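Undergrad:
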Amino acid sequence: MPVLPTDSVFLQLVRNYLPDMMWGYSLVFALFCIIGNNAASVWKVFGMAFPFSVAMEMIQKMSFILGTFDVFDIFAEFLAETIAVCIIYKLYSREEF
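Reminder that position 77 of the sequence shown reads as 69 in this note's numbering, one-by-one numbering, no gaps.
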C-alpha cells in the first residue's frame, strides 16, 4: 500500500520535471567548474548550458536518442539553470576580506 497517492499533482511534477531540473542545475555547476571559477564566466556557462539543454530535447523530438520531448522540460531546465547561475553569481561576486 503506497504511503502517498500516486495520482497527486505534486508527485507527478516531481516525477516528470525534477530529474530535468537536477540535470540542468548540475550541468551549470559542472561547466562552471570546468571553464573557470569567476563570476564573469557564469554567463558564458549559461550561454553554453541552455542551448545544449534545448538541443538535447530536440534530439529527443527527432528520435535520435530515447526519451520523450516535452516543452515543459525545456522550461524546467531553464528555470534550474537560471537558479544555478544566480547561486554561483551570488557566491562568487562577493569580495573576500
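Backbone N, C-alpha and C define an ideal beta-carbon position, used for all residues, glycine too. Predicted model only: the values in this text are computed from it and were never measured.
Go through its chain and collect everything with a Cβ distance to Val34's Cβ below 6 Å, but skip five positions before and after it.
TA: Val77, Ile80 and Tyr81.
Undergrad: If we count the other Cβ atoms within 10 Å of its Cβ and call it buried at 16 or more, is Phe89 buried or exposed?
TA: Legend: pLDDT at Phe89 = 36, less than 50; position of this residue unreliable, value from coordinates given subsequently. So Phe89 counts as exposed.
Undergrad: Do the CB positions of Met13 and Leu83 come within less than 8 Å of each other?
TA: no
Undergrad: Return the CA-CA distance between Leu10 and Val20, expressed in angstroms with no decimal places.
TA: In this structure, the alpha-carbon of Leu10 lies about 16 Å from that of Val20.
Undergrad: On the three-state DSSP scale, how would you describe Gly16?
TA: helix
Undergrad: Pick from Ser0, Asn29, Ser85 and Ile66: whose alpha carbon is nearest that of Ala41?
TA: Ile66
Undergrad: Return the Cβ separation of Phe61 and Glu49 in integer angstroms, given the expectation that the two are a contact with Cβ distance under 8 Å.
TA: 6 Å
Undergrad: Considering only their Cβ atoms, is the gap separating Ile75 from Tyr17 smaller than 8 Å?
TA: yes
Undergrad: Straight-line CA distance for Ile26 to Val1?
TA: 37 Å
Undergrad: Return the first residue and the last residue of the alpha helix (DSSP H) that Ile51 is part of.
TA: Residues Val34 to Lys53.
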